[in-house]
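Residues in the sequence shown are numbered consecutively from 1, following the UniProt record's numbering. We treat Cβ as the ideally placed atom computed from N, Cα and C, and that holds for glycine. Computed from a prediction, not measured in an experiment: that's the story for all the values here. The structure appears below as structure tokens.
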Amino acid sequence: MTDEAFAQADPDWLALISAAREWLSGPVGQFLLEEERRMLEDELGRFFGGYLVHYGPSAQTPPSAPQVQRNVRLGAPLPGVEIVCEEQAWPLSEHAADVVVLQHGLDFCLSPHGLLREAASSVRPGGHLLIVGINPWSSWGLRHVFAHDALRQARCISASRVGDWLNLLGFALEKRRFGCYRPPLASPKWQARLAGWERKAGDWQLSGGGFYLLVARKIAVGLRPVRQARREPMGKLIPLPMAKVNRRHIEP
């Protein structure tokens, strides 16, 4: 079944997702994912409902929402994915999910607008869309420019631009958080030395974090009938007698 799905999927998309998964499985990618996990678990703990949908290239089991009944992973035909689909063809009905998480989905995709529209349409009115992306204005974004691995292929769309897209799709941005202020170094010793800076910068929520997390709520627009303007009764028009002009008394 997986081989059949591989054969039918877009080869460029599969190559991109596979390369991203491999990079995220390395030491630098794992460090980034662990920082993201702490923040995601903190946010997901306050949501509840029937379904949470997670989309992203990571091979790790994604953070779950304890108060959501069913957590589902969808995406490329790779191990750990429960529902196989392409980025612009989610097999979900409109308004099917209470929470949708795009974890580096926009970073590694062929069409960011198409993927975001697909995710947005799956969220019910009043539900939430969480987006995790690599911050281009950080040391991680700088590494992306000079990288020779899969990080080079990341789009690194800024948080402000994604926020504008969400606004156009009918979402209200509730929260924007940053994390992972330590540079993308594979050395555990250097990461340990910079742990103090990580705590301070995280408390200050500086905008130079390696990743951002956007939490947006889908605005529920209720339809209500337009009230007809009340028409006040008007008085009847009564014809008035016309004044007669006596031409004899008109002086030339």
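Go ahead and pull the three-state DSSP assignment for P184.
coil
Neighbour-count burial assignment, L168, 16 or more Cβ in a 10 Å radius
exposed
Buried or exposed for P11, going by 16 or more other Cβ atoms inside 10 Å?
exposed
At which residues does the beta strand (DSSP E) containing I131 begin and terminate?
123-134
Since I believe L102 is in contact with V132 (beta carbons under 8 angstroms), could you give me their beta-carbon distance rounded to a whole number of angstroms?
7 angstroms
For the alpha helix (DSSP H) containing Q30, list its first residue and its last residue.
27-44
Taking the CB atoms as reference points, tell me whether L166 and A216 lie closer together than 7 angstroms.
yes
Go ahead and pull the three-state DSSP assignment for V81.
coil
Whole angstroms are fine: how far does the CA of R182 sit from the CA of G49?
35 angstroms
Beta-carbon proximity list for Q69, same chain, < 6 angstroms, skipping 5 on both sides:
G50
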